[in-house]
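Chemist: For what it's worth, this note's numbering labels the leading residue of the sequence shown as 2, then goes sequentially.
We put the beta carbon where it would ideally sit given N, CA and C, even for glycine.
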Amino acid sequence: NKVYGDWLGKNAKKVQTALANATTSAYESISCIKTVMTSAEEAYECEKYDAKIEKLYSLNISQVIATGIYFMIVSTFLINTVVQAALLLLGSIFVEIGKLTPEVLLAFMLYQGQLQEYTLNLFQSYSSLVKSSGAG
2 NKVYGDWLGK NAKKVQTALA NATTSAYESI SCIKTVMTSA EEAYECEKYD AKIEKLYSLN
62 ISQVIATGIY FMIVSTFLIN TVVQAALLLL GSIFVEIGKL TPEVLLAFML YQGQLQEYTL
122 NLFQSYSSLV KSSGAG
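Pasting the structure below:
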């Protein structure tokens, strides 16, 4: 979680910087439109803006891919699969040796599912917080 958070924070800052650069480029071109048109530099200004938008796009794509991989590994594999399988295995062993009844195991698994949902919401909130802090 720490590695992902650090990378996400750095990338969010890069995204904000790229967006600011693209906006600045567009603002400068539009505010000096007469000069741009007089010197016949419309194509150059368009290419310059397009390059900055492409950089922003590639940073956003890498952020989406990293977030997708992170949630695929953490959310789907670790939390949904591994945790539930471990709890079911341990619970079934306890049921076999008589330390737990099947009803209590079922109730625990249901409560664990709710807790898991809240934990995933917390992870998603953390990701959103780190992305928005990149603007600072």
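Quick test of the definition: if touching needs 3 or more C-beta pairs under 8 Å, does the stretch 42-59 touch the stretch 17-27?
Modeler: Contact holds: three or more Cβ-Cβ distances are below 8 Å.
Chemist: Please identify the residue among L88, I66, E55 whose C-alpha is closest to the C-alpha of W8.
Modeler: As a working note, residue 8 is residue 7 in the sequence shown. Among L88, I66, E55, the Cα nearest to that of W8 belongs to I66.
Chemist: When the distance is taken between beta carbons, is Q113 closer than 8 Å to L88?
Modeler: Mapped onto the sequence shown, residue 88 falls at position 87. Mapped onto the sequence shown, residue 113 falls at position 112. Yes, these two residues count as a Cβ contact at 8 Å.
Chemist: From the DSSP output, in three-state form, read off L91 for me.
Modeler: Along the sequence shown, read from residue 1 onward, the residue named residue 91 stands at position 90. Residue state, collapsed to three classes: helix.
Chemist: Buried or exposed, going by whether 16 or more other CB atoms sit within 10 Å of the CB of G92?
Modeler: Looking up residue 92 in the sequence shown gives position 91. Looking at its Cβ environment, which holds 16 or more other Cβ atoms inside 10 Å, G92 is buried.
Chemist: In whole angstroms, what is the alpha-carbon distance linking V96 and G69?
Modeler: Along the sequence shown, read from residue 1 onward, the residue named residue 96 stands at position 95. Along the sequence shown, read from residue 1 onward, the residue named residue 69 stands at position 68. One C-alpha to the other measures close to 37 Å.
Chemist: Are S59 and N12 touching if we call contact CB-CB under 8 Å?
Modeler: Here residue 59 refers to the residue found at position 58 when the sequence shown is read from its first residue. Here residue 12 refers to the residue found at position 11 when the sequence shown is read from its first residue. No.
Chemist: Under DSSP, the alpha helix (DSSP H) around F72 begins and ends at which residues?
Modeler: What you label residue 72 is simply residue 71 of the sequence shown in a count that begins at 1. 43-72 is the span of the alpha helix (DSSP H), which, as asked, contains F72.
Chemist: Tell me the DSSP secondary structure of S40 in three-state form.
Modeler: Counting from one through the sequence shown, the residue named residue 40 turns up at place 39. S40: coil per DSSP, three-state reduction.
Chemist: Pick out whichever of A19, C33, L111 has its Cα sitting closest to the Cα of I54.
Modeler: Taking the first residue of the sequence shown as 1, we reach residue 54 at position 53. If we check each option's Cα against that of I54, A19 comes out closest.
Chemist: Assuming V4 and N61 form a contact by the criterion Cβ under 8 Å, report the distance between their Cβ atoms to the nearest whole angstrom.
Modeler: What you label residue 4 is simply residue 3 of the sequence shown in a count that begins at 1. What you label residue 61 is simply residue 60 of the sequence shown in a count that begins at 1. At roughly 20 Å, the Cβ-Cβ gap does not stay under 8 Å, so V4 and N61 are not in contact.
Chemist: Please check the pair L121 and S76, which I expect to be a contact at CB under 8 Å, by giving their CB distance rounded to whole angstroms.
Modeler: Position 120 of the sequence shown holds residue 121. Position 75 of the sequence shown holds residue 76. Sure, about 6 Å apart at Cβ, within 8 Å.
Chemist: Cα-Cα, which of K100, T102, L107, F72 is closest to Q85?
Modeler: Residue numbering aside, residue 85 sits at position 84 when the sequence shown is read from its first letter. Taking only the C-alpha atoms, the option nearest Q85 is L107.
Chemist: Considering only the beta carbon of each residue, do L6 and Y127 sit closer than 8 Å?
Modeler: Along the sequence shown, read from residue 1 onward, the residue named residue 6 stands at position 5. Along the sequence shown, read from residue 1 onward, the residue named residue 127 stands at position 126. For the sequence presented, residue 6 should be read as Gly rather than Leu. Yes.
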